[in-house]
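All remarks here apply to the structure that follows.
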Amino acid sequence: MSASFVPGATPARTVRLIGAPTDIGAGARGASMGPEALRVAGIAEMFTRRGLTVHDTGNLHGPNNPCLPPQGGYRHLDEVVAWNQAVHDAVHTALAAGELPVLLGGDHSLGIGSISAVARHCRATGRALRVLWLDAHADFNTHDITPSGNLHGMPVACLCGDGPSALVSMAGHVPAIAASSLRQIGIRSVDEGERHRVREAGLEVYDMRYIDEVGMRAAMDKALAGLDDHTHLHVSFDVDFLDPEIAPGVGTTVPGGPTYREAQLCMEMIADTGRVASLDIVELNPALDVRNRTAQVAVELVESLFGKSTLMRDRG
Ligand SMILES: [Mn+2]
């Protein structure tokens with residue numbers, strides 16, 4: 046960690062890259078190749094350019110994808126638990142070491158382990174938590190309403206306390222996070238049963254209709270309202286957040302997402318807070334990509350998330 050790091054005040058200046066090469070929670074195979082595609086697209090070099098120190102600790106290990114049908118409303122529950130426990134432990138270790146964990150997924154079910162660890166860390170250090178969930182989907186399904194049994198459609202419900210106990214209790218506290226600490230941005234595909242649950246839980250959702258009507262700037266102003274110097278800001282970036290025109294390399298594309306410029310503005314406004322302290326990059330699927338273009342776009346956007354486009358501004 047650099048000498049300028051002040052615990053509790055400034056987010057870490059050392060990034061720890063944690064690869065989780067699995068598609069265990071997804072319907073389509075291929076997100077297991079995400080970590081290497083992000084490395085090939087230069088994610089480590091990008092962080093170095095931003096003035097951060099990079100520790101790439103390589104990839105975590107876990108069970109193979111057995112490609113089985115759902116049981117009791119879940120596909121591959123035991124395997125998803127194993128992968129999430131590995132992610133939880135790695136993210137928690139990074140935070141405890143004063144580093145900024147960047148999870149290279151892997152499918153979005155891994156957000157359970159990652160954000161559970163972040164929530165545990167925030168409780169231990171007395172920090173407020175804000176989670177920005179950038180996604181085309183609400184990921185708020187449960188075993189009784191899921192159309193597929195794929196756990197990558199359930200991480201937000203699990204984090205809010207609704208799901209199998211091994212996943213729900215991973216943070217050592219149920220629920221792992223309060224629904225009120227979450228902001229969802231870019232949502233445009235919500236299953237019918239899920240819609241009702243999202244309303245019931247009172248999730249703060251800035252969906253594409255809202256972004257169309259008021260613009261990305263106003264949406265992000267609201268999503269980022271109320272942060273203070275002791276807020277830990279976690280960004281969970283599902284690459285399917287982006288419009289498929291600019292990000293074809295995902296298993297669950299939904300048309301009508303943010304354009305390149307809207308996504309850049311979103312990332313820049315998050316960067317302006319100076320509070321980003323942990324990050325997931327998930328659902329990148331190189332098997333569906335075109336010459337690694339989606340990985341490159343993801344790296345460019347993360348570069349903005351860490352301040353690239355605001356370089357000419359006086360940020361004090
Ligand atoms: Mn997702």
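The opening residue of the sequence shown carries number 46 in the working numbering; numbering runs sequentially from there.
We put the beta carbon where it would ideally sit given N, CA and C, even for glycine.
Give the C-beta separation of residue i and residue j to the nearest angstrom, bearing in mind that I take them to be a contact with Cβ-Cβ under 8 Å.
| i | j | result |
| --- | --- | --- |
| L278 | A322 | 6 Å |
| L329 | V284 | 5 Å |
| L105 | V132 | 7 Å |
| L177 | A268 | 6 Å |
Compare the beta carbon distance of residue i and residue j with 9 Å and say whether it is the shorter of the two.
| i | j | result |
| --- | --- | --- |
| S77 | N110 | yes |
| C311 | P303 | yes |
| E313 | S349 | yes |
| G238 | D252 | no |
| V213 | A224 | no |
| G158 | M215 | yes |
| D334 | P293 | yes |
| A181 | F351 | no |
| Q229 | E249 | yes |
For residue i, report the span of its alpha helix (DSSP H) as first-last.
| i | result |
| --- | --- |
| Y255 | M253 to V259 |
| T170 | G156 to T170 |
| Q309 | Y305 to T318 |
| R240 | E237 to A246 |
| S214 | Looking at the DSSP string, S214 is not in any alpha helix (DSSP H), and its letter there is neither H nor E. |
| T93 | I88 to R94 |
| G79 | G79 to V85 |
| L350 | R338 to L350 |
| A76 | That residue, A76, is in no alpha helix (DSSP H); it is neither H nor E in DSSP. |
Check for me: the beta strand (DSSP E) holding residue i runs from which residue to which?
| i | result |
| --- | --- |
| P146 | L145 to G150 |
| T102 | T98 to N104 |
| L122 | Element bounds for L122: not the beta strand (DSSP E) but the alpha helix (DSSP H), L122 to A141. |
| A183 | Element bounds for A183: n/a, residue is neither H nor E. |
Count the other CB atoms, across all protein chains shown, that sit within 10 Å of the CB of residue i; report buried if there are 16 or more and exposed otherwise.
| i | result |
| --- | --- |
| E27 | No answer is possible for residue 27: it lies beyond the span of the chain, which begins at 46 and ends at 361. |
| V163 | buried |
| H275 | exposed |
| T297 | buried |
| V219 | exposed |
| R360 | With a pLDDT of 49 at R360, under the threshold of 50, the modelled position of that residue is not reliable, and no figure is offered here. |
Any heavy atom of ligand 2 inside 8 Å of the beta-carbon of residue i?
| i | result |
| --- | --- |
| V327 | Among the ligands in the structure shown, ligand 2 does not appear; only ligand 1 can be found there. |
For residue i, which of the options has the nearest alpha-carbon?
| i | options | result |
| --- | --- | --- |
| I88 | L62, A127 and T67 | L62 |
| G72 | D317, L97 and H153 | H153 |
| R242 | A135, D123 and C205 | C205 |
| A316 | M265, T98 and P114 | M265 |
| A394 | A141, A340 and L177 | Examination of residue 394 is not possible in this model, given that the chain is present from 46 through 361 alone. |
| L113 | H137, D68, D134 and T102 | D68 |
| G103 | G79, R94, E124 and G117 | G79 |
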